[in-house]
Amino acid sequence: MHNMPPSLAIALRLTGAIWIFGVVAMLMQADTRVVIAVFIVGLVTAVAEWIAAGKNPPPADAADDDANYA
């Protein structure tokens, strides 16, 4: 996650939290509609992250001249 933009890292954590919430709700035998809704929100968030990650270029490495500058 070191080369990832901060906004994408935050979004990945959000999606993970949503999916964990859904799994816990399922294990606690919550209403099926609630569990399905949580998983759909997680899926939509994951797709949005994937699209956003494809539009952002990867971070540039330090130039050779700048690396030995200090």
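Here full-length UniProt numbering is used: the sequence shown runs in plain steps of one and ends on residue 70.
Glycine included, C-beta positions come from ideal geometry on N, C-alpha and C.
Remember, predicted model here, so these are calculated numbers, not experimental data.
Item	Value
In this structure, does DSSP put residue 26 in helix, strand or coil?	helix
Taking 8 Å as the cut-off, decide whether the C-beta atoms of residue 45 and residue 14 are in contact.	yes
By Cβ distance, which residues of its chain are closer than 8 Å to residue 81, with the 5 residues on each side in sequence left out?	Only positions 1 to 70 of the chain appear in this structure, which leaves residue 81 out of reach.
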